[in-house]
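In the working numbering, each residue's number is its place in the sequence shown (first place is 1) plus 339.
All C-beta atoms, glycine included, are put in the ideal place defined by N, C-alpha and C.
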Amino acid sequence: MSLHTLISKDSIDTRIRELAIEITRDFEGQELIVLCVLKGAVLFLTDLIRAMDRDLAIDFIQVSSYGSEKKSSGVVTILKEPQLDMHGKGVVIVEDIIDSGMSIREVCRYIESRGAAKVKVASFLDKPAARKYPFVPDYIGFTIEPAFVVGYGLDYAERYRNLPEVAILEE
340 MSLHTLISKD SIDTRIRELA IEITRDFEGQ ELIVLCVLKG AVLFLTDLIR AMDRDLAIDF
400 IQVSSYGSEK KSSGVVTILK EPQLDMHGKG VVIVEDIIDS GMSIREVCRY IESRGAAKVK
460 VASFLDKPAA RKYPFVPDYI GFTIEPAFVV GYGLDYAERY RNLPEVAILE E
């Protein structure tokens with residue numbers, strides 16, 4: 340397998356600073372919870388919140404639509420629920436990549452059902468050509484074409500998450 344850099348660390352750093360400014364502005368004067376979708380969005384979360392010049396709380400959610408299969412089952416299961424009270428608060432859901440749109444739509448519905456006043460989605464990567472369910476993230480790091488990508492939190496069999504850039508994984 341070989342790796343070909345798609346998005347450099349410098350480009351990632353610059354874009355995250357821009358997103359942090361935008362999110363900070365959009366949630367000015369509102370209590371904010373930044374909700375990380377585990378595991379892939381952890382690196383994006385940490386860099387994003389460090390770039391945000393405001394008070395905030397963080398929480399985590401883990402979902403699966405795969406079960407023990409490599410192909411989506413079409414059913415989203417919550418494996419880890421958030422712990423914070425979201426009622427009346429602003430919530431930014433931080434996701435690593437949006438492909439089909441199924442999982443993130445279900446996460447949004449779940450958070451809205453918990454009484455959040457405002458729910459927005461920040462996706463590090465967006466792959467609209469792979470969309471099967473209509474969904475447009477509020478904040479997009481980078482839009483990419485269909486390819487299997489790793490790095491900056493994204494993995495292949497739990498490998499490559501620690502790469503500082505995003506790379507295309509080719510056999």
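Enclosing beta strand (DSSP E) for residue i [first to last residue]
i, result
"Val414", "Taken as a continuous stretch (DSSP letters only), Val414 belongs to no beta strand (DSSP E), as it is neither H nor E."
"Val475", "From DSSP, Val475 is part of no beta strand (DSSP E); its letter is neither H nor E."
"Asp465", "Lys457 to Asp465"
Residue i, enclosing alpha helix (DSSP H) - first and last residue
i, result
"Val446", "Met441 to Ser452"
Between the CA atoms of residue j and residue i - distance to the nearest angstrom
i, j, result
"Ile362", "Phe383", "14 Å"
"Arg498", "Phe487", "13 Å"
"Leu345", "Glu445", "29 Å"
"Glu509", "Gly490", "13 Å"
"Ile326", "Phe366", "Beyond the ends of the chain as shown, which are 340 and 510, falls residue 326; an answer cannot be given."
Cβ neighbours of residue i in the same chain (closer than 8 Å, five flanking residues each side left out)
i, result
"Asp494", "Lys378, Gly379 and Arg500"
"Ala496", "none"
Close Cβ partners of residue i (< 7 Å) along its chain, the five nearest in sequence each way excluded
i, result
"Tyr449", "Ile417"
Same chain, Cβ closer than 6 Å to residue i, five either side skipped, listed in chain order
i, result
"Thr482", "Asp465"
Contact belief for residue i with residue j at Cβ below 8 Å, rounded distance in angstroms
i, j, result
"Leu374", "Ile432", "5 Å"
"Leu387", "Ile355", "6 Å"
"Tyr478", "Lys457", "At roughly 13 Å, the Cβ-Cβ gap does not stay under 8 Å, so Tyr478 and Lys457 are not in contact."
Distance cut-off 6 Å: residue i Cβ against heavy atoms of the ligand ADP
i, result
"Leu418", "Summarising the ligand content, the structure contains no ligands, and the ligand ADP is consequently not present."
Margin query: Runs of 3 residues minimum, wholly inside the stretch 345-417: which ones carry the beta strand (DSSP E) assignment?
Written below: 371-377 and 396-403
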